[in-house]
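The sequence shown: position 90 = 95 (my numbering), numbered continuously.
For glycine and all other residues, C-beta sits at the position ideal for the given N, C-alpha and C.
What follows is a short report on a single structure.
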Amino acid sequence: MGGGGGGARGVSRPENTDAIWRRAEIASPCVKICVIHPAAGLCVGCNRTADEIAGWTAMTDAERAAIMAALPARASLLTAPQNRPSRRRRAQREDRDAGAQRED
Numbered sequence: 006m007g008g009g010g011g012g013a014r015g016v017s018r019p020e021n022t023d024a025i026w027r028r029a030e031i032a033s034p035c036v037k038i039c040v041i042h043p044a045a046g047l048c049v050g051c052n053r054t055a056d057e058i059a060g061w062t063a064m065t066d067a068e069r070a071a072i073m074a075a076l077p078a079r080a081s082l083l084t085a086p087q088n089r090p091s092r093r094r095r096a097q098r099e100d101r102d103a104g105a106q107r108e109d
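Below is the structure:
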């Protein structure tokens with residue numbers, strides 16, 4: 006217990022330990038809402054295609070940057086009229102769902 010009673014004294018530590026803990030994370034637009042919109046073919050959370058999501062870690066930084074730059078423009082595809090269910094399809098789905106509940 007001798008030695009100056011100062012716990013951590015005498016232990017050399019690097020001045021900046023941030024570099025030790027820093028990791029080279031791959032930038033990703035993922036927001037953990039992973040649902041592919043059936044008509045648009047895009048994830049409703051990040052606007053990437055299923056192929057882009059699957060291949061993300063294998064892409065180069067330049068490929069990922071190009072996709073990231075295109076994502077904001079894709080958001081409108083999720084709400085485009087051709088990608089929204091028509092009234093007829095909504096009514097058919099509601100009828101089908103109501104029928105399934107009656108059978109239960």
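N- and C-terminal bounds of the alpha helix (DSSP H) containing residue i
i	result
residue 33	Note, residue 33: premise wrong, no alpha helix (DSSP H); not H, not E.
residue 83	66 to 84
residue 45	Neither: residue 45 is in no alpha helix (DSSP H) and is coded neither H nor E.
residue 59	55 to 60
Distance between residue j and residue i (C-alpha atoms, nearest Å)
i	j	result
residue 87	residue 32	31 Å
residue 34	residue 89	24 Å
residue 48	residue 40	5 Å
residue 84	residue 68	26 Å
residue 97	residue 64	42 Å
residue 92	residue 99	10 Å
residue 80	residue 101	30 Å
residue 106	residue 57	38 Å
residue 77	residue 104	40 Å
residue 29	residue 44	35 Å
residue 75	residue 55	15 Å
C-beta contact flag for residue i and residue j at 7 Å
i	j	result
residue 36	residue 50	yes
Inter-residue CB distance, residue i and residue j (contact presumed, cutoff 8 Å)
i	j	result
residue 53	residue 72	7 Å
Coarse secondary structure for residue i, derived from DSSP in three states
i	result
residue 29	coil
residue 104	helix
residue 98	helix
residue 88	helix
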